[in-house]
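Protein chains in written order, with the numbering used here: chain A, 16 to 158; chain B, 792 to 1142.
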């Protein structure tokens, strides 16, 4: 039996190779080809989903741990809470990594003045390493 | 230029004919010919046609372009046909190549939605993203005339007297970095309306843009098109016959358009700007024609802004599909374009 991503990939191939070219109407033809492209992207996303999720969570948890160690009680409560959420990314499957990282970045900018330029830059640069790795994984099926 | 069958628009065609007949005083003599709905583009619906009618002065034939606001098109939140109409009216007395605007109707009772009628300018508008389009612009680049015309049209745009043209209704930025902050706020609002989880890289990009907005008021404000590139200009006999797609015009820093021309977003597999113009030729001709010195550091800021705009654009596009407002699968596919433009933003920010 085909796996889900293999099935989607096969459907994409049929749409692009067989169905699309035989459609006469220009708009419908474009839609057929586009359906094929979408299924292809979905297939890739599905194929990588488990590994990417595991890696996303591991990276996020490492980031949260490191940033947690760099923050103290004088730092903003909302920022510390955002870091703590990110740090739970492995142990707590309910943590949605994308929104958690987004909240962290939002809080970093909100706390920029209080953190001071040097600390802000250091924390943001460390966060960007995690974001870069996550984006590289997304590009495996998006690009 | 790709078009779709107009069979499904038969009733609409009759209503267009009745409307034009009334506006032109043509009565029952008016006939429409060569009606084509343009399939490219994701914003307003566009039809091209010729109208022929007879009156006391004889028989007339005019070409028209009609754009209708379907209410579910891309950039709907930022773009208004009434604004486009006023911009085109203002440009009529300038050297900027643009279609003449004839009529604008806000009343949905006439054609089911607000619409704009303007001149059908001769020319073609190949998409630079397809193989045929790339070949079209590569051949034009080799002949050498169109690249200069493309640059000159931008010079005409940025040197036009927008106040005399009555275009200050678009809003004039304040001093310092107000123009940049306005643009960031405009596109940020589009992201907020997209009803998507915002990617942390996009939040980082917006934060960086807000924190690093440069002062741009040392240069005179200009009428800025907002998306000046091949694919948004009509080409006739190797010259730009009209600048199209006036969906995001603003009064502001002319380098905003220049940066878009310089951007890697608008060329695929070629070093030519917008798949057409040699970079050095463009810069020297533009600076000589406008008297504006191109500040590449400001353009670098705008490159980040354009990456943010692109992400907003694609998020808005896929949001239209995912919320059921527009069934076009091309919109659904754009969800996977967001990481690609975020990659450009991330690289610009140094990661």
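C-beta atoms are modelled at their ideal positions from N, C-alpha and C, and glycine is treated no differently.
- The beta carbon of residue 1049 of chain B lies closer than 7 Å to those of 1077, 1085 and 1090 in the same chain, with the five residues before and after it left out.
- Residue 971 of chain B carries a helical assignment under DSSP once its states are collapsed to helix, strand and coil.
- For residue 998 of chain B, the enclosing alpha helix (DSSP H) begins and ends at 991–1002.
- Boundaries of the beta strand (DSSP E) around residue 840 of chain B: 836–846.
- Distance from the Cα of residue 72 of chain A is smallest, within the candidate group A/44, A/36 and A/116, for A/116.
- Residue 1043 of chain B: member of the beta strand (DSSP E) spanning 1041–1043, first to last residue.
- The beta carbon of residue 99 of chain A sits no closer than 8 Å to any beta carbon of chain B.
- Shown in chain order are the members of the stretch 976–992 of chain B whose Cβ falls below 9 Å from a Cβ of chain A: 988, 989, 990, 991 and 992.
- Under the Cβ criterion of 8 Å, residue 1105 of chain B is not counted among the residues facing chain A.
- Pairing residue 50 of chain A with residue 834 of chain B, the inter-Cα distance amounts to about 20 Å.
- The stretch 1100–1110 of chain B makes no contact with the stretch 105–125 of chain A; the number of CB pairs closer than 8 Å stays below 3.
- For residue 50 of chain A, the C-beta contacts it makes with chain B under 7 Å involve 1120, in order along the chain.
- The beta carbon of residue 1032 of chain B sits closer than 7 Å to the beta carbons of 888, 912, 913, 914, 1025 and 1026 from its chain, once the five residues preceding and following it are set aside; these are given in chain order.
- The Cβ atoms of residue 902 of chain B and residue 806 of chain B sit closer than 8 Å to each other.
- The C-alpha of residue 69 of chain A is placed about 26 Å away from the C-alpha of residue 93 of chain A.
- Against chain B, the CB of residue 110 of chain A has no partner CB under 8 Å away; the residue lies outside that interface.
- Taking C-beta atoms as the reference points, residue 964 of chain B and residue 1083 of chain B fail to come closer than 8 Å.
- Among the CB atoms of chain A, none fall inside 8 Å of the CB of residue 915 of chain B.
- Checking the DSSP bridge columns, you'll see residue 1034 of chain B partnered with B/1024.
- In this structure the stretch 952–964 of chain B lies against the stretch 869–881 of chain B, because at least three pairs of beta carbons, one per stretch, are closer than 8 Å.
- Closer than 8 Å to the CB of residue 1081 of chain B there is not a single CB belonging to chain A.
- Proximity of residue 30 of chain A to chain B, defined by a Cβ-Cβ separation below 8 Å, is not satisfied.
- Taken atom to atom, the span from the alpha-carbon of residue 973 of chain B to that of residue 1044 of chain B is near 12 Å.
- By the criterion of a C-beta distance shorter than 8 Å, residue 25 of chain A is surrounded in its chain by 17, once the five residues flanking it on both sides are discounted.
- Our two residues, residue 27 of chain A and residue 157 of chain A, have alpha carbons roughly 15 Å apart in a direct line.
- Look at residue 829 of chain B here: in three-state DSSP terms it is strand.
- Only buried fits residue 1101 of chain B, as 16 or more other CB atoms lie within 10 angstroms of its CB.
- In terms of Cα proximity to residue 1137 of chain B, the closest of A/155, A/147 and A/152 is A/147.
- Looking at B/1132, B/817, B/896 and B/1105, the one whose alpha-carbon comes closest to that of residue 847 of chain B is B/817.
- For residue 852 of chain B, the enclosing beta strand (DSSP E) begins and ends at 849–859.
- Under the 8 Å Cβ criterion, the stretch 975–983 of chain B does not count as touching the stretch 137–153 of chain A, having fewer than three qualifying pairs.
- Following the DSSP letters along the chain, one finds residue 16 of chain A in no alpha helix (DSSP H), marked with neither H nor E.
- Classified as buried, residue 925 of chain B has 16 or more neighbouring CB atoms from the shown chains inside 10 Å of its CB.
- In the three-state DSSP reduction, residue 904 of chain B falls in the coil class, being neither helix nor strand.
- Taking a C-beta cut-off of 7 Å against chain A, none of the residues of the stretch 870–893 of chain B qualify.
- Contacts between residue 56 of chain A and chain B, judged by CB atoms closer than 9 Å, involve 1124, 1126 and 1127 in chain order.
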